[in-house]
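S.K.:
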Amino acid sequence: MTSPALNLSLSLSLSLGLGLGLGLGPGLSVLLGASTFAAPAGPELLAPGPRELDASAARLRRTIVRAEAIGVAVERLQNALGRRFKFAAEDDQAARRQRAKTTVLAPSASIGPGSGPAGAEADDRVRPPPVVSCDDEVFVSLLVRARIFLQSYRDWSQSARAQRDRVARIRDEGAVRPILDERERATIQALFVRVDVESRKYLEAMAWHRRYLGVWSRRCPGDLRVSRGLMRSTLRAPSDPIPLRAVIGRGGGRICPDDLLADGEVVVLKGTSACYSASRAEACDCVPTTVLPGAVLGAATEDGGDEGRVDGR
Numbered sequence: 000m001t002s003p004a005l006n007l008s009l010s011l012s013l014s015l016g017l018g019l020g021l022g023l024g025p026g027l028s029v030l031l032g033a034s035t036f037a038a039p040a041g042p043e044l045l046a047p048g049p050r051e052l053d054a055s056a057a058r059l060r061r062t063i064v065r066a067e068a069i070g071v072a073v074e075r076l077q078n079a080l081g082r083r084f085k086f087a088a089e090d091d092q093a094a095r096r097q098r099a100k101t102t103v104l105a106p107s108a109s110i111g112p113g114s115g116p117a118g119a120e121a122d123d124r125v126r127p128p129p130v131v132s133c134d135d136e137v138f139v140s141l142l143v144r145a146r147i148f149l150q151s152y153r154d155w156s157q158s159a160r161a162q163r164d165r166v167a168r169i170r171d172e173g174a175v176r177p178i179l180d181e182r183e184r185a186t187i188q189a190l191f192v193r194v195d196v197e198s199r200k201y202l203e204a205m206a207w208h209r210r211y212l213g214v215w216s217r218r219c220p221g222d223l224r225v226s227r228g229l230m231r232s233t234l235r236a237p238s239d240p241i242p243l244r245a246v247i248g249r250g251g252g253r254i255c256p257d258d259l260l261a262d263g264e265v266v267v268l269k270g271t272s273a274c275y276s277a278s279r280a281e282a283c284d285c286v287p288t289t290v291l292p293g294a295v296l297g298a299a300t301e302d303g304g305d306e307g308r309v310d311g312r
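Numbering of the sequence shown is given in numbering that gives the first Met the number 0, commencing with residue 0 and proceeding in unit increments.
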């Protein structure tokens, strides 16, 4: 039995002789011999095929599902904040009307802007009243979560766009496009549409946040408070189209049963039930219950939020 080194020497000698016999120079003859031992092309050197397309599309599907779940939480948080502005504005305007009714003008007082009931109404039209307060714990809790969820929404929607581009490149490969049937092309296009929808919704949510919440985010610093999450704004709305729940865990423990770290970041549950376990080394010591989008899971003794009610008050 010959050794590998001897086999290599014999092969190179034969290739050198063959190359010289064909009129090639010694250098080209050596290259001819070395080429017979070149390693086969690895996967990274091969053009992607249907298998790579399926894997990339599956990653895109997982990414967009998470972006959609986070988008639901962002939408509900912003709706709750909008209702908070609305209710505070109504209360403030009612108080102003009551003050206007009880204002007694002196006989010599003139009726005009800034004086008496008529003046008060004119001032309301010109100068919007302050409608919320940093002393409102529910408002601040919503505000803090809206910022965190919006940042996560940005990250996942951007990740979905990047993954969409990868899927599109593989789909358009010469070895892939001709063998895709109508159903497969429609499935991929449906994923692309979902990516575009979430990208647009993120931009709209960011614009709303900057317009209405930017100044309050600077004025009202606060910490995460444990909360049940938020229901839809109307009782007659259909059930959630998104089966997953985007929540935040806080306290350093973990979220069960998915075993996710509760570190103050947004996580997406595999289902609709979860609980907080303070221990990270042992088995879960809590019983999962139904949670709503935008919830903050932590020690049960900290639970005190009331924004989970449908009317938002």
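The beta carbon of each residue, even a glycine, is placed where N, CA and C say it ideally should be.
So residue 65 and residue 196 are in contact, right, with Cβ under 8 Å, and what is the actual spacing, rounded?
M.R.: Wrong, their Cβ atoms sit about 14 Å apart, outside the cutoff.
S.K.: Quick one: using the 10 Å Cβ neighbour count with 16 as the cut-off for buried, is residue 188 buried or exposed?
M.R.: Burial call: exposed.
S.K.: DSSP has residue 274 in a bridge; who is on the other side?
M.R.: Paired residues: 255.
S.K.: Residue 76: buried (16+ other C-beta within 10 angstroms of its C-beta) or exposed?
M.R.: Flag for residue 76 reads buried.
S.K.: State the CB to CB distance for the pair residue 245 and residue 68, rounded to an integer number of angstroms; the pair is presumed to be in contact (CB under 8 Å).
M.R.: The Cβ separation is near 4 Å, so the contact holds.
S.K.: Compare the C-beta of residue 200 with all C-beta atoms of chain D and state if any pair is closer than 8 Å.
M.R.: Reference to chain D is not applicable here, since this structure consists of a single protein chain.
S.K.: Given this structure, state the Cα-to-Cα distance separating residue 56 from residue 166, to the nearest angstrom.
M.R.: The alpha-carbon atoms of residue 56 and residue 166 are separated by roughly 6 Å.
S.K.: Give the single residue among 168, 182, 296 and 280 whose Cα lies nearest to the Cα of residue 254.
M.R.: The residue with the shortest Cα to Cα distance from residue 254 is 296.
S.K.: Check this for me: beta carbons of residue 58 and residue 162, under 8 Å apart or not?
M.R.: In contact: residue 58 and residue 162 (Cβ atoms closer than 8 Å).
S.K.: If you follow the beta strand (DSSP E) that residue 248 is part of, which residue opens it and which one closes it?
M.R.: Note, residue 248: beta strand (DSSP E), 245 to 248.
S.K.: Following the continuous beta strand (DSSP E) through residue 131, name the residue where it begins and the one where it ends.
M.R.: Premise fails: residue 131 is in no beta strand (DSSP E) and is neither H nor E.
S.K.: Below 8 Å on the Cβ atoms is my contact criterion, and I expect residue 147 with residue 265 to pass it. Report the Cβ-Cβ distance as a whole number of Å.
M.R.: At roughly 6 Å, the Cβ-Cβ gap stays under 8 Å, so residue 147 and residue 265 are in contact.
S.K.: Taking DSSP's pairing of strands, which residues face residue 226 in a bridge?
M.R.: Bridge partners of residue 226: 295.
S.K.: Hey, quick one: how far does the beta strand (DSSP E) through residue 290 stretch, first residue to last?
M.R.: That residue, residue 290, is in no beta strand (DSSP E); it is neither H nor E in DSSP.
S.K.: When the Cα atoms are used, what is the spatial distance from residue 175 to residue 49?
M.R.: Straight-line Cα distance between these residues: approximately 6 Å.
S.K.: Within the stretch 122 to 199, note down every full alpha helix (DSSP H) run reaching 4 residues or more, in order along the chain.
M.R.: Listed in chain order, they are 136 to 170.
S.K.: For residue 228 and residue 173, I'd like the C-alpha separation in whole angstroms.
M.R.: Distance between the alpha carbons of residue 228 and residue 173: 48 Å.
S.K.: Among 192, 150 and 83, which has the Cα closest to the Cα of residue 141?
M.R.: Among 192, 150 and 83, the Cα nearest to that of residue 141 belongs to 83.
S.K.: Let me confirm a value: residue 220 is counted as buried when at least 16 other C-beta atoms fall within 10 Å, else exposed. Which label applies?
M.R.: The residue is exposed, with fewer than 16 neighbouring Cβ atoms inside 10 Å.
S.K.: Taking DSSP as the reference, what is the three-state secondary structure of residue 268?
M.R.: Note: residue 268 maps to coil in three-state DSSP.
S.K.: Is residue 252 closer than 8 Å to residue 272 when the C-beta atoms are compared?
M.R.: Not closer than 8 Å, so no.
S.K.: Please name the residue, chosen from 53, 190, 276 and 200, that lies closest to residue 74 on a Cα-to-Cα basis.
M.R.: Nearest of 53, 190, 276 and 200 to residue 74, Cα basis: 200.
S.K.: Please list, in chain order, all residues of the same chain as residue 20 whose beta carbon is under 8 Å from its beta carbon, the five residues on each side excluded.
M.R.: Low confidence applies here, because residue 20 scores a pLDDT of 49, under 50, leaving its location unreliable; read the following figure in that light. So no residue of the chain qualifies.
S.K.: Per DSSP, which residues does residue 260 bridge with? Please list them.
M.R.: Answer is 253.
S.K.: Between residue 218 and residue 194, which are expected to be in contact by the criterion C-beta below 8 Å, what is the C-beta distance as a whole number of angstroms?
M.R.: Wrong, their Cβ atoms sit about 35 Å apart, outside the cutoff.
S.K.: Let's test the definition: count the other Cβ atoms within 10 Å of the Cβ of residue 144 and tell me whether it reaches 16, buried, or not, exposed.
M.R.: It counts as buried.
S.K.: Might you give, ordered along the chain, the residues of its own chain that have their beta carbon closer than 7 Å to the beta carbon of residue 51, omitting 5 neighbours on each side?
M.R.: Cβ neighbours of residue 51 beyond the five flanking positions: 169.
S.K.: When the Cα atoms are used, what is the spatial distance from residue 137 to residue 177?
M.R.: Between residue 137 and residue 177, the C-alpha separation is close to 56 Å.
S.K.: I'd like to check one pair, residue 293 with residue 275: are the Cβ atoms closer than 8 Å?
M.R.: No.
S.K.: Where residue 224 and residue 256 are concerned, what is the direct C-alpha to C-alpha distance, given to the nearest angstrom?
M.R.: Taking the straight line from one Cα to the other gives about 21 Å.
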